[in-house]
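In this note's numbering, the protein residues as written are 62 to 275.
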């Protein structure tokens with residue numbers, strides 16, 4: 062029986078990836094004059110925003126990070142004013158079933174806090190683990206959440222939109238649901254990674270949790 066659902070953030074709870082990219086692009090252009098493509102920005106992903114800024118603006122880290130966070134706040138309500146359809150009803154349903162909800166993400170803590178506030182999701186998550194400038198070990202973070210909430214590994218599931226999310230779930234010894242409802246999701250690659258379930262909508266995620274609970 063599932064007692065803990067751990068979510069990724071970007072591309073899983075909300076369509077925040079385009080927002081991240083645009084915030085980086087504007088920050089880099091303003092401070093360096095360079096206009097980067099989506100691909101050039103995405104290739105730096107792995108560490109949190111702090112780490113990405115260090116890669117893209119090594120000589121102007123502090124101002125670059127402040128500018129990124131400013132754009133992220135300013136653009137959030139325009140580019141991503143709400144979570145994906147069905148997320149809030151799903152979180153309400155989890156609460157009604159006494160199933161804990163947590164977040165494990167590669168985002169930095171400051172941008173995560175902005176997103177949770179704008180999207181009005183703060184109250185739904187009992188634990189959050191986020192990345193730093195050196196990178197994100199989601200397997201370690203998942204294990205930490207499980208130890209904090211004390212469910213058996215068989216009672217936890219991770220929901221994420223990337224192949225690495227599925228791999229991290231496997232390494233942590235828990236089940237994985239591939240979140241394939243975002244436009245940025247690569248359904249074929251996710252399917253090839255053999256998640257326990259592949260959900261093309263939030264409704265399908267709810268169905269998967271109900272199936273796991275028998």
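C-beta: ideal position from N, C-alpha, C; glycine also.
- Non-local beta-carbon contacts of residue 141 in its own chain, meaning distances under 7 angstroms to residues more than five positions away in sequence, involve 75, 76, 77, 80 in chain order.
- Residue environment for residue 200: buried (at least 16 other C-beta atoms within 10 angstroms of its C-beta).
- Listed in chain order, the alpha helix (DSSP H) elements of length 4 or more contained wholly in the region 209-268 are 224-233, 248-253.
- In the three-state reduction of the DSSP assignment, residue 101 falls in the helix class.
- Assignment of beta-bridge partners to residue 68 by DSSP yields 164, 220.
- Under a 10 Å Cβ-count criterion, residue 115 is classified as buried, with 16 or more other Cβ atoms of the shown protein chains found around its own Cβ.
- Excluding the 5 residues flanking it on each side, residue 212 has same chain C-beta neighbours closer than 6 angstroms at 64, 65, in chain order.
- Rounded to whole angstroms, the separation of the alpha carbons of residue 209 and residue 152 is 20 angstroms.
- Counting only the Cα atoms, residue 222 lies some 9 angstroms from residue 238.
- For residue 263, the closest C-alpha among the options 148, 220, 178 is that of 148.
- For residue 162 and residue 254, the gap between their C-alpha atoms comes out near 24 angstroms.
- Per DSSP, the unbroken beta strand (DSSP E) holding residue 190 starts and ends at 188-190.
- Listed as beta-bridge partners of residue 75 by DSSP are 71.
- Contact fails between the region 165-183 and the region 95-104, because fewer than three Cβ pairs, one in each stretch, are under 8 angstroms apart.
- Annotation note: the region 121-147 contains the following uninterrupted alpha helix (DSSP H) runs of length 4 or greater, listed N- to C-terminal: 122-140.
- Between residue 196 and residue 233, the C-beta gap is not smaller than 7 angstroms, which leaves the two residues out of contact.
- The Cβ atoms of residue 70 and residue 164 lie closer than 7 angstroms to each other.
- Contact between residue 177 and residue 191 does not hold, since their C-beta atoms are separated by about 11 angstroms, which reaches or exceeds 8 angstroms.
- One Cα belongs to residue 134, the other to residue 157, and the distance between them is close to 31 angstroms.
- In the DSSP secondary-structure assignment, residue 193 is bridged to 196.
- It is roughly 12 angstroms from the alpha-carbon of residue 245 to the alpha-carbon of residue 261.
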